[in-house]
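Asker: In this note's numbering, the protein residues as written are 922 to 990. My questions will all concern the structure given below.
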């Protein structure tokens, strides 16, 4: 059980995910950084594609980034 706990802690501390253009294109085109959590416990992220910051705050729903409502 300890390795699973360690993996979860590492993920929460790291807070960064690669952004893919499409599911069938595995090379990341940008980054998503977790900045906080919403009232439902979903990670709220900022997005960057290349060097361009994408305005707004984003959540992941069904493996896609969606703007926060």
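All C-beta atoms, glycine included, are put in the ideal place defined by N, C-alpha and C. Remember, it's a predicted structure, so these values are computed and weren't measured experimentally.
1) Give a yes or no on whether the C-beta atoms belonging to residue 971 and residue 950 are separated by under 8 Å.
2) Between the C-alpha atoms of residue 984 and residue 961, what's the straight-line distance to the nearest angstrom?
3) Below 8 Å CB to CB, which residues in the same chain sit around residue 937 once its five sequence neighbours on both sides are set aside?
4) Assign residue 979 to one of two classes, buried (16 or more other C-beta atoms within 10 Å of its C-beta) or exposed (fewer than that).
5) How should residue 987 be labelled, buried or exposed, when 16 other C-beta atoms within 10 angstroms of its C-beta is the threshold for buried?
Answerer: According to the data block:
1) Taking a C-beta distance under 8 Å as the contact criterion, residue 971 and residue 950 qualify as a contact pair.
2) Each residue's Cα considered, the two are about 17 Å apart.
3) Answer for residue 937: 952, 953, 954 and 955, listed in chain order.
4) Counting other Cβ atoms within 10 Å of its Cβ, residue 979 reaches 16 or more and is therefore classed as buried.
5) So residue 987 ends up on the exposed side.
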